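Asker: Dropping the structure in here first, questions after.
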Amino acid sequence: MTEYRTERDSLGEVQVPATALWGAQTQRAVENFPVSGQPLPPAFIKAVVRVKRAAAEANASLGLLDMPERDAIVRACDRLLDGEFADQFPVDRYQTGSGTSTNMNVNEVIAAIAGQDGVTVHPNDHVNMSQSSNDVIPTAIHISSVMAVREKLLPALSHLRGIIYERESLFSQQVKTGRTHLMDAMPVTLGQEMRTWREQIISAEKRIELAAEDLLALPQGGTAVGTGINAMEEFA
Numbered sequence: 363m364t365e366y367r368t369e370r371d372s373l374g375e376v377q378v379p380a381t382a383l384w385g386a387q388t389q390r391a392v393e394n395f396p397v398s399g400q401p402l403p404p405a406f407i408k409a410v411v412r413v414k415r416a417a418a419e420a421n422a423s424l425g426l427l428d429m430p431e432r433d434a435i436v437r438a439c440d441r442l443l444d445g446e447f448a449d450q451f452p453v454d455r456y457q458t459g460s461g462t463s464t465n466m467n468v469n470e471v472i473a474a475i476a477g478q479d480g481v482t483v484h485p486n487d488h489v490n491m492s493q494s495s496n497d498v499i500p501t502a503i504h505i506s507s508v509m510a511v512r513e514k515l516l517p518a519l520s521h522l523r524g525i526i527y528e529r530e531s532l533f534s535q536q537v538k539t540g541r542t543h544l545m546d547a548m549p550v551t552l553g554q555e556m557r558t559w560r561e562q563i564i565s566a567e568k569r570i571e572l573a574a575e576d577l578l579a580l581p582q583g584g585t586a587v588g589t590g591i592n593a594m595e596e597f598a
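Note that the numbering used here has the sequence shown beginning at 363, numbered continuously upward.
Have a look at this one:
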């Protein structure tokens, strides 16, 4: 039988599983959005954690966050990035459009982990300092997309391109009938056809790399409505 503890926020009391690291905001989201049963991908959660880690360091450098809180947040983020507590992010991927529920889920979990070091860290006042869901989530989308491109998509395309290159020589003498207008046309070797596949992949890789460069411009610092309200100008 699951045991619960009582958490309180501005909306009142809510029952949270006793062993959960998340708090009231996350629990409300779990109860309000039981849509797909599928949480957001771990890679995206880690991107949000990276934002929180960087924000803690930036806030500390601006004198807004004391070093004990900063260090506790950084340590908590590092543990999450190492794969610990991966089961603490239950919010459904179909949620509020701004991603506020996931932002708060990460804030609450980081605060709870930081508290294990004996440091009192508040999910909003400390972990979410100088931030809003409206810049954290778009920034995490950029970060997770760039990392997926560089760590998965481009290496996979490179591997595929290499395999096709090997097959070009293997099938350099394999003649087949070319096709135009849904009819047989002039002869072509299978190796020649495969070379066109490889050239298309090379072209696609270049376009993807250029698109990924654009993702390096981050919306972080815009806060709630893009004006940077409640964040120092130097934070961005």
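Just so you know, even glycine gets a beta-carbon here, dropped at the ideal spot from N, CA and C.
Every value quoted in this text rests on a predicted model; they were computed, and no experiment measured them.
For residue 570, which residues of its own chain have a beta-carbon under 7 Å away from its beta-carbon, when the five flanking residues on both sides are left out?
Answerer: Here the set comprises 511, 515 and 516.
Asker: Judging by CA-CA distance, which residue of 492, 560 and 469 is the nearest neighbour of residue 595?
Answerer: For the residues 492, 560 and 469, the minimum Cα distance to residue 595 belongs to 492.
Asker: Would you list the one or two residues that DSSP bridges to residue 366?
Answerer: Per DSSP, 379.
Asker: Any chance you could list the alpha helix (DSSP H) runs of at least 4 consecutive residues sitting entirely within the region 407 to 465, in chain order?
Answerer: Correct list: 429 to 443.
Asker: Since residue 553 sits in a beta bridge, which residues does DSSP pair it with?
Answerer: BP columns for residue 553 are empty, so no partner.
Asker: With 16 other CB atoms within 10 Å as the buried threshold, where does residue 538 fall?
Answerer: Classification of residue 538: exposed, given that the 10 Å Cβ count is below 16.
Asker: Taking Cβ to Cβ, would you say residue 526 is nearer than 7 Å to residue 560?
Answerer: A contact, by the Cβ cut-off of 7 Å.
Asker: Evaluate contact between the region 423 to 436 and the region 455 to 463, counting only Cβ atoms and requiring at least three cross-stretch pairs below 8 Å.
Answerer: Output reads no: the region 455 to 463 does not touch the region 423 to 436.
Asker: Name the two residues that bound the continuous beta strand (DSSP E) containing residue 539.
Answerer: It spans 537 to 542 - the beta strand (DSSP E) in which residue 539 sits, taken as one unbroken run.
Asker: Do you know offhand how far residue 379's Cα is from residue 373's?
Answerer: C-alpha separation (whole angstroms): 18 Å.
Asker: So for residue 479, helix, strand or coil by DSSP?
Answerer: The answer is coil: DSSP assigns residue 479 none of H, G, I, E or B.
Asker: Assign residue 594 to one of three DSSP states: helix, strand, or coil.
Answerer: In the structure shown, residue 594 sits in coil (DSSP, three-state: anything other than H, G, I, E or B).
Asker: Could you round the C-beta distance between residue 508 and residue 577 to whole angstroms and report it? I think they count as a contact, below 8 Å.
Answerer: Right, the Cβ-Cβ distance comes to about 5 Å (below 8 Å), so this counts as a contact.
Asker: Measuring straight from C-alpha to C-alpha, what distance separates residue 566 and residue 411?
Answerer: Their backbone Cα atoms lie some 31 Å apart in a straight line.
Asker: When the Cα of residue 461 is compared with those of 484, 501 and 369, which residue comes out closest?
Answerer: The option with the nearest alpha carbon to residue 461 is 501.
Asker: What distance in whole Å lies between the Cβ atoms of residue 377 and residue 388, which are believed to be in contact at a cut-off of 8 Å?
Answerer: Actually they are not in contact, since the Cβ atoms of residue 388 and residue 377 sit about 12 Å apart, beyond 8 Å.
Asker: Spatial neighbours of residue 469 within its chain, please: CB distance less than 7 Å, with the 5 preceding and 5 following residues excluded, ordered by chain position.
Answerer: Counting only Cβ-Cβ distances below 7 Å, and skipping sequence neighbours, we find 485, 486, 489 and 490.
Asker: Does residue 464 pass the burial test, meaning 16 or more other C-beta atoms within 10 Å, or should it be called exposed?
Answerer: Buried, because 16 or more other Cβ atoms sit within 10 Å of the Cβ of residue 464.
Asker: Compare the C-alpha of residue 443 against each of 421, 413, 423 and 422 and name the closest.
Answerer: Answer by Cα proximity: 413.
Asker: My output table needs one value for residue 548: the three-state DSSP class, helix, strand or coil.
Answerer: Residue 548: strand per DSSP, three-state reduction.
Asker: Go ahead and pull the three-state DSSP assignment for residue 620.
Answerer: Residue 620 lies beyond the residue range present for the chain, which begins at 363 and ends at 598; the question has no answer from this structure.
Asker: Between the Cα of residue 580 and those of 409, 403 and 366, spot the shortest distance and give me the residue it belongs to.
Answerer: Answer by Cα proximity: 409.
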